[in-house]
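Here's the structure, in structure tokens; my notes come after.
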Ligand code: PLP
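Numbering (full-length UniProt numbering), first residue to last: 2 to 390.
Printed below as a string of structure tokens:
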């Protein structure tokens, strides 16, 4: 361990990876597992996108690309964002990244100075904590209570502000909560960012999977002029087009931030993979019917999970989007880490421990419904029966 830096030792271990390892061990023993622990679409990438990648490679799309990605893809993404939000966005406001995860890291690396504070949702995606710590910043969690449908409380946020606060992360529809945000709340969050002179980093990677209401982007022109002065928006192809393995995400920001991110990309990875960019361009420019079909499937599965877990009071909130749900395990009277292990051992159902998403979810677990309808039904019944026994 002598040569391992503190920046690595300080990384937050993923409770989800730990379950995946246990699940893989169980499968190696020949026992079945229902995988409700990972947020991985069960769909493969739609055919027309795969075909576009094949033909791009055959036509020589195999070299380095500009650091921020092909301008044609940046423009395609800008058109997509402009169409959804009404905001004035051009290709120069887009940096194509190796997954949304890289867009998050680049955003932070572009503005965080040592000791700067960044507000993060609790519960929230643990990756934010690691990206902030790698950038030299400090995570300050803010509470999202399930009985408030995981909406932030602006007064509570205000209490977290110090002279070192530089940004706040939000994530709607959310991982792990499945919660969505109202226009009114988004407006209040933007006012809050403005009032305190901080950035709003809006992780909208699940933007295309909304079951109730509409997706409210932090860039929506309904919220006021010049959102790019305040907002960095993160999204990508992974979830919308079932393209997790292609590693294409994007950040949307003002030109100064995009230029900063581009300089970082040059030093870290040079550019995102050429073939993946060609595939992503086909995804963004092509028919969006595949997205609608997947959204309907996630909506149906979310309703199936609710129909099994809700009657016994085990569902914490009805997901409004994404492909997750939070399950109340307080009846089991044990930590979520212990519960997850026992559930897997006794039923073969793998779920993610609430503890990995923050301090407020010790007696809940997250299930992913990005699996077949049959697995959703069998998995949820097993969880319900295990809690009722
Ligand atoms: N943001 C959230 C909340 C996520 O759950 C994920 C993936 O699980 C990502 C961003 C990034 O995904 P990717 O790096 O595959 O684009």
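Just so it is clear, CB atoms sit at the ideal spot from N, CA and C, and this is done for glycine as well.
Ordered along the chain, which non-local residues of its own chain (more than five positions away) have a Cβ less than 7 Å from that of residue 74? Residue numbering aside, residue 74 sits at position 73 when the chain shown is read from its first letter. Taken in chain order, the residues that qualify are 97, 278, 281 and 282.
Is it right to say residue 4 is buried, meaning 16 or more other beta carbons lie within 10 angstroms of its own, or is it exposed? On the chain shown, position 3 is the one that residue 4 refers to. Burial call: exposed.
DSSP state of residue 153 mapped onto helix, strand, coil: Locating residue 153 in the chain shown gives position 152, where the first residue counts as 1. In this structure, residue 153 counts as coil in the three-state DSSP scheme.
Sorted by chain position, which residues of the same chain lie with C-beta nearer than 6 Å to residue 83's C-beta, five sequence neighbours on each side aside? Here the question's residue 83 lines up with position 82 in the chain shown. By the criterion of a C-beta distance shorter than 6 Å, residue 83 is surrounded in its chain by 90, once the five residues flanking it on both sides are discounted.
Relative to the ligand PLP, what is the chain-ordered list of residues with a Cβ closer than 6 Å to any of its non-hydrogen atoms? That gives 40, 100, 101, 102, 126, 172, 176, 204, 206, 237, 239, 245 and 250.
Entirely within the stretch 198-270 and at least 3 residues each: give me those beta strand (DSSP E) ranges in chain order. 200-204, 232-237 and 250-253
With DSSP collapsed to three states, give me the class of residue 330. Stepping through the chain shown from its first residue, residue 330 is reached at position 329. Coil, per DSSP.
Where residue 36 falls: helix, strand or coil (DSSP): To locate residue 36, count along the chain shown from 1; it is residue 35. It is a strand residue.
Does the contact criterion of 3 or more C-beta pairs under 8 Å hold for the stretch 124-136 versus the stretch 248-263? no
Leaving out five residues before and five after residue 210 in sequence, what residues of the same chain have Cβ atoms less than 6 Å from its Cβ? Start at 1 with the first residue of the chain shown, and residue 210 comes out as number 209. Cβ within range, chain order: 296, 299, 322 and 323.
Evaluate residue 57 with the Cβ neighbour count: other Cβ atoms within 10 Å of its Cβ, from every protein chain shown; 16 or more gives buried, anything less gives exposed. As a working mapping, residue 57 is identified with position 56 in the chain shown. Label assigned to residue 57: buried.
CB-CB under 6 Å to residue 111, same chain, minus the five flanking residues each way: which ones, in chain order? As a first step, residue 111 must be located in the chain shown, where it is residue number 110. Same-chain partners within the cutoff: 258, 261 and 262.
In the DSSP output, what is residue 113 paired with across the bridge? Within the chain shown, the letter at position 112 stands for residue 113. For residue 113, which the question treats as bridged, DSSP gives no partner whatsoever.
For the alpha helix (DSSP H) that residue 272 lies in, which residues bound it at each end? Start at 1 with the first residue of the chain shown, and residue 272 comes out as number 271. Where residue 272 is concerned, there is no enclosing alpha helix (DSSP H), given that its DSSP letter is neither H nor E.
How about residue 370 and residue 303: are their beta carbons less than 8 Å apart? Position 369 of the chain shown, counted from the first residue, corresponds to residue 370. Position 302 of the chain shown, counted from the first residue, corresponds to residue 303. In contact: residue 370 and residue 303 (Cβ atoms closer than 8 Å).
How far does the alpha helix (DSSP H) with residue 381 in it reach, from first residue to last? Locating residue 381 in the chain shown gives position 380, counting from the first residue. In the DSSP annotation of this structure, the continuous segment of the alpha helix (DSSP H) that includes residue 381 starts and ends at 374-389.
With a threshold of 16 other CB atoms inside 10 Å of the CB of residue 70, please say whether the residue is buried or exposed. Position 69 of the chain shown holds residue 70. Buried, by the Cβ-count rule.
Nearest CA to the CA of residue 266: which residue from 350, 106 and 37? Within the chain shown, the letter at position 265 stands for residue 266. The shortest C-alpha separation from residue 266 is found at 106.
Can you list the beta strand (DSSP E) stretches of 3 or more residues lying completely in the stretch 60-114, in chain order? 95-98
Taking a contact to mean a Cβ-Cβ separation below 8 Å, would you say residue 309 touches residue 264 in this structure? As a first step, residue 309 must be located in the chain shown, where it is residue number 308. As a first step, residue 264 must be located in the chain shown, where it is residue number 263. Not a contact, by the Cβ cut-off of 8 Å.
Buried or exposed: residue 149, going by 16 or more other Cβ atoms within 10 Å of its Cβ? Within the chain shown, residue 149 is the residue found at index 148, counting from 1. So residue 149 counts as exposed.
Of the listed residues 143, 247, 131 and 374, nearest to residue 10 (C-alpha basis): Position 9 of the chain shown, counted from the start, is the residue given in the question as residue 10. Considering only alpha carbons, the answer is 131.
In three-state DSSP terms, what is residue 352? By 1-based counting over the chain shown, the position of residue 352 is 351. Coil.
Closest to residue 306 by CA distance: which of 291, 377, 46 and 242 is it? Within the chain shown, the letter at position 305 stands for residue 306. Ranking 291, 377, 46 and 242 by CA distance to the CA of residue 306 puts 377 first.
Flag this pair as yes or no: are the beta carbons of residue 100 and residue 325 separated by less than 8 Å? Translated into the one-based positions of the chain shown, residue 100 becomes position 99. Translated into the one-based positions of the chain shown, residue 325 becomes position 324. Contact: no.
Counting C-beta neighbours from all protein chains within 10 Å, is the total for residue 207 16 or more, i.e. buried, or is it exposed? For the purposes of this step, residue 207 is identified with residue 206 of the chain shown, where counting begins at 1. Result: buried.
For residue 118, three-class secondary structure by DSSP: Within the chain shown, residue 118 is the residue found at index 117, counting from 1. Here residue 118 sits in strand by DSSP.
Coarse secondary structure for residue 403, derived from DSSP in three states: Summary: the structure shown does not reach residue 403, with the chain confined to residues 2 through 390, and so no result is reported for it.
Please return the same chain residues whose Cβ sits closer than 7 Å to the Cβ of residue 388, not counting the five positions on each side in sequence. Position 387 of the chain shown, counted from the first residue, corresponds to residue 388. Counting only Cβ-Cβ distances below 7 Å, and skipping sequence neighbours, we find 315, 330, 332 and 333.
Same chain only: Cβ atoms within 7 Å of residue 85, ignoring 5 sequence neighbours per side: Sequence index remark: in the chain shown, residue 85 carries index 84 (1-based). Excluding residues up to 5 positions away in sequence, 218 lie with their Cβ nearer than 7 Å to the Cβ of residue 85 in the same chain.
On the three-state DSSP scale, how would you describe residue 30? On the chain shown, position 29 is the one that residue 30 refers to. DSSP places residue 30 in coil when its eight states are reduced to three.
Any C-beta of chain C sitting closer than 8 Å to the C-beta of residue 282? Considering every chain present, this structure includes no chain C. It has just one protein chain.
Is the stretch 193-204 close to the stretch 157-167, with three or more CB pairs under 8 Å? yes
For residue 88 versus residue 222, is the C-beta distance shorter than 8 Å? For the purposes of this step, residue 88 is taken as residue 87 along the chain shown, with counting starting at 1. For the purposes of this step, residue 222 is taken as residue 221 along the chain shown, with counting starting at 1. A contact, by the Cβ cut-off of 8 Å.
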